[in-house]
Structure formats: structure tokens, C-alpha cells
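Residue numbers (the numbering used here), protein chains in the order written: chain E, 240 to 609; chain W, 1381 to 1504.
What follows is a short report on a single structure.
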């Protein structure tokens, strides 16, 4: 090998290393600029939600003439930053009880704060304001977490962290899109995709003349007793039309305590997340309690059902995460009507005359009374 | 502006760059093609093919960007008459409207008109 060849080989390797370095830097730059763009969109979504929430407060204050806008702005900013700390799970005994206490405390305190800020707001307005604050808090958390990971990745020039963040971006973006749509719906008080459960329950009540027989035995939750083909049906749903999910487990416990535990079955109707490729609005049957969220209420209903040996049937209306939080689509409304027919068929097929059945419409009842 | 609109706004910034690269690579491809026919040098033909491939790649990306349309919806309320069951969609929806709310009288029989549903429909 002469001197020229050695020089060629060295030059080749230097170019190869330079190419690898530049390629890596370019990849980091491309990924970082893409993530930065998404972070700016997340920030825009958060800011828009915050401004909509503040505008809702302002419009109520202007209408009622009572309240201090500057004070409201400070308090709303603080409420958006509120943290809910989950209980320690190393010793899981009594975990659900502790979680329920924390969530109830958070709910009640937030509601109290909102009522103090806008004392003349109606119940429906207070519930919708609470939902707006929750949605804004959620968007704020997403923005902060994504921004934090991005900054750490840039600080340490970690391609792997950037790659992981980039891989998760489609899922995070879906959540942000869904929550942004929810902000619009809560602001106007229109039903969302997740309202299909309460919508089925409400339509059942309307069809069987039960709208006037409503009781509110526990806060934010209604119970109505109607008769359908010789069966006694207890319909449970969150109290509308303000946006809230109610205290379904407490209402179930109240019914079992007051009317006895000899129920033939409990039917839950809820929105369920569809897989990509599944048709939106398709209905599937299941066994168990159809209920999302923290799992507290589902656990308590399962406990009660197991205690009294009550069969649990579920009817699920499939939709995407974005549809679940956006204003209801026509397709989902039609699916709710189909689900109502299915509920009636299930009641007729799986119970006899004189039986007692519980029908629970699970989900956020925004825009859906009673 | 919706989230999709925001994503489109970010991507739209690349449109002039994509357009410029597409145009330049097409010009280069034609130039090398003409050069190869005049000089009978096959190397130029290879360069021309490469430039065509680059232009095709960027043209495809450009087309994909231009095809984007932000999905638009309108929110309607389905009104149903309690007496004659006349039902029709109405766009005069106001914040605070909810299902089962009475919104006036039926234009056909004068019965109570109620909101049976509130939903969004895509604008084509």
C-alpha cells in the first residue's frame, strides 16, 4: 500500500464519520423542530381554553353585575394549576376509599370556589365552568409535561428522548384535539359524544313518561322509577343539563338500601373507545360495569353487585377519543337511539314481569337533562 | 383556528420551499437532458434522472400539502313537535340550549316544539 492509498482510506473514514455526525445532527434538528411546532400548538390550545374560561366567567359577572374580574383571573389561573395527588398505592388496602375522598374533596372545593367567584351563576353555569376549568387544567398539564421532556432532551442532546417523544406525539395530539373540542362544547353547554350514556337514560325516561318522576337522592345524580312492560325500572344518571358525571355509585347504594337488593340486573350504557378501523357509532354488548374515569365508582358498583349477586350487563357505543369529547355527531345520536332499543330488548329478554332492573346512563351529562 | 388548522399553518410554511425545489429540480432535469442529447454523454442522462426523481418527490409532498382541507362542521338542533311529531333540523342554536327544552310552537299544528337532539354535521 503506497502513501496515496493510505491517505485515501483515512480521508474516506473522516468523511464517513463526518457524514454520520451531520446525519445525526440533522435528525435531531428535524425532530426537535417538529416537536417544537407541536408544543407551540399545545400552548395555543391551552391559552385558548384559558381565555374561553375567563370569558365565560366575565360574561356571567357582566350579566349579574357582581364579582371582581381581576380577582377572578388570578383565581382561575390558580385553579388551572391545582394538583390532585393520588394516594400511596404501596399498601393498596383501602386505596379506592382514599381516592374517592381526595376526588370528592377536590370536586367540592372547586365548586365552592367557583360559586364564590360568580355567586349569581346558575347551577348549570357552575357545572359548565367547572368542566371548562378541568379541561384547561388537563391541557395545561399536557403542555407542561411535553415541554419539560423536550427541554431535558435538548439540554442533554438526547436523540432517544426526542425519538420517544416524537413517537408519542400522535397520541398526545389526539388527546389535545379532543380536549380542545370539549372546551367549545362545555362553553356552550351542548351534548358531547360521552353524553350518549345519559342520553339513552334520558330518552328511556322520556319514552316511558318518567321525566316528571325524578328524585335527587345524592348530589349531582338523579334517580327515576318507571314501569316498562310490567318491570320496575330504576333509571340512574348524572343530573343535567350542566356538565357532570354524577355520583352513580352512591345512587346505586341508595337504591339498594331503599328499594331492596332483589334486582334482576344492572345495565350500564356508556361510550367506549373504538379501535382505528372500527365504525364510529357501532354498538357492542358486554358484561360488567361500563364506566371509565378513575375506577372509583366502577369498583364500588362492582362491590355492591357482587355483595347482592346482581348480574352486570353493559352496552357500549363505540367512538374515537376525539368524538367522545366533541359536540355529539348525528351518527352518534342515531347510535344512542339504537342503543335505547337494545336496552329495551335486553330488559324484555333477560327479565320477567314484576322484576326490578337498574339502568345506568354513564358519562358526562352536559346538555342532557334531567 | 382549530388544531388541524394550526398543524396546516405550520406545514404551509414549507410550501414556497417545496415549490422552489420542485421548480429548480425540473429545470435542472431538463437542462441535463438537453446537455446529454447534445454531447452524447450518458452521465448527464443519469443526473437528469436524479433531478426528475427529486422533483417528483417534492411535487408529491407539495400536492399532499395543497390537498389539506380543514374539516368544518355546523351544529344543528333537531326539533320535534309533541303533538303531530313533525321533526326538522334547525341551525338557530344558541348557547344554553339543551335536549327536551321547549323552543316555541309547531309551525304546522301549533303544538309544543321541543329540542330532541343537538348534534354537529359536516359541511361539505
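For glycine and all other residues, C-beta sits at the position ideal for the given N, C-alpha and C.
N-terminal and C-terminal residue of the beta strand (DSSP E) that residue i is part of
i                       : result
residue 1406 of chain W : That residue, residue 1406 of chain W, is in no beta strand (DSSP E); its alpha helix (DSSP H) goes 1395-1419.
residue 1434 of chain W : Careful: residue 1434 of chain W lies outside any beta strand (DSSP E), inside the alpha helix (DSSP H) at 1422-1447.
residue 473 of chain E  : 470-477
residue 562 of chain E  : Run containing residue 562 of chain E: none in the beta strand (DSSP E); it sits in the alpha helix (DSSP H), 560-564.
residue 467 of chain E  : 460-467
Proximity test, Cβ basis, 9 Å: residue i and chain W
i                      : result
residue 571 of chain E : yes
residue 471 of chain E : no
residue 606 of chain E : yes
residue 609 of chain E : yes
residue 363 of chain E : yes
residue 426 of chain E : yes
residue 419 of chain E : yes
residue 422 of chain E : no
CB of residue i within 9 Å of CB of residue j, strictly
i                       : j                       : result
residue 599 of chain E  : residue 522 of chain E  : no
residue 321 of chain E  : residue 376 of chain E  : yes
residue 382 of chain E  : residue 464 of chain E  : no
residue 561 of chain E  : residue 420 of chain E  : yes
residue 446 of chain E  : residue 504 of chain E  : no
residue 311 of chain E  : residue 425 of chain E  : no
residue 585 of chain E  : residue 547 of chain E  : no
residue 436 of chain E  : residue 556 of chain E  : yes
residue 304 of chain E  : residue 356 of chain E  : no
residue 1467 of chain W : residue 1490 of chain W : no
residue 291 of chain E  : residue 422 of chain E  : yes
residue 479 of chain E  : residue 441 of chain E  : yes
residue 443 of chain E  : residue 472 of chain E  : yes
residue 567 of chain E  : residue 434 of chain E  : yes
residue 458 of chain E  : residue 607 of chain E  : no
residue 601 of chain E  : residue 529 of chain E  : yes
residue 276 of chain E  : residue 393 of chain E  : no
residue 482 of chain E  : residue 316 of chain E  : no
residue 452 of chain E  : residue 495 of chain E  : no
residue 352 of chain E  : residue 313 of chain E  : no
residue 1433 of chain W : residue 1402 of chain W : no
residue 595 of chain E  : residue 499 of chain E  : yes
residue 550 of chain E  : residue 1480 of chain W : no
residue 554 of chain E  : residue 527 of chain E  : no
Limits of the unbroken alpha helix (DSSP H) element including residue i
i                       : result
residue 309 of chain E  : 308-319
residue 437 of chain E  : 435-446
residue 540 of chain E  : 535-547
residue 410 of chain E  : 398-427
residue 488 of chain E  : 487-498
residue 383 of chain E  : 362-394
residue 348 of chain E  : 334-356
residue 582 of chain E  : 569-589
residue 1383 of chain W : 1383-1392
Closest by C-alpha distance to residue i, when choosing among the options
i                       : options                        : result
residue 1460 of chain W : W:1498, W:1441, W:1404         : W:1498
residue 467 of chain E  : E:597, E:545, E:559            : E:597
residue 533 of chain E  : E:484, E:515, E:520, E:526     : E:484
residue 1458 of chain W : E:573, E:602, E:594, E:580     : E:573
residue 1409 of chain W : W:1396, W:1429, W:1395         : W:1429
residue 405 of chain E  : E:422, E:394, E:417, E:385     : E:385
residue 448 of chain E  : E:531, E:474, E:455, E:529     : E:474
residue 400 of chain E  : E:367, E:267, E:525            : E:267
residue 362 of chain E  : E:350, E:515, E:263, E:283     : E:350
residue 273 of chain E  : E:409, E:570, E:455, E:456     : E:409
residue 517 of chain E  : E:558, E:280, E:489            : E:558
residue 1392 of chain W : W:1449, W:1420, W:1492         : W:1449
residue 379 of chain E  : E:262, E:287, E:308            : E:287
residue 417 of chain E  : E:594, E:565, E:587, E:247     : E:565
residue 1385 of chain W : W:1484, W:1474, W:1451, W:1494 : W:1451
9 Å Cβ cutoff, residue i in contact with chain E
i                       : result
residue 1501 of chain W : yes
residue 1449 of chain W : no
residue 1384 of chain W : yes
residue 1470 of chain W : no
residue 1490 of chain W : no
residue 1455 of chain W : yes
residue 1505 of chain W : In the structure displayed, chain W extends from 1381 to 1504; residue 1505 of chain W sits before or after that span and is not available.
residue 1497 of chain W : yes
residue 1438 of chain W : no
residue 1476 of chain W : yes
residue 1480 of chain W : yes
(request) Check each residue of the segment 429-454 of chain E: if its Cβ is closer than 8 Å to any Cβ of chain W, include it; give the result in chain order. (result) 429, 430, 438, 441, 445, 450
(request) Residues of the segment 267-287 of chain E with a CB closer than 7 Å to any CB of chain W: list them in chain order, please. (result) 276, 280, 283, 284
(message) So if I threshold CB-CB distances at 8 Å, which residues from the segment 472-484 of chain E count as touching chain W?
(response) 479, 480
(request) Please list the residues of the segment 553-567 of chain E that have a C-beta atom closer than 9 Å to any C-beta atom in chain W, keeping them in chain order. (result) 565, 566, 567
(request) Note down, in chain order, all residues in the segment 1396-1415 of chain W with a beta-carbon under 7 Å from any beta-carbon belonging to chain E. (result) none
(request) Name, going along the chain, the residues of the segment 394-416 of chain E whose beta-carbon falls closer than 7 Å to a beta-carbon of chain W. (result) 415, 416
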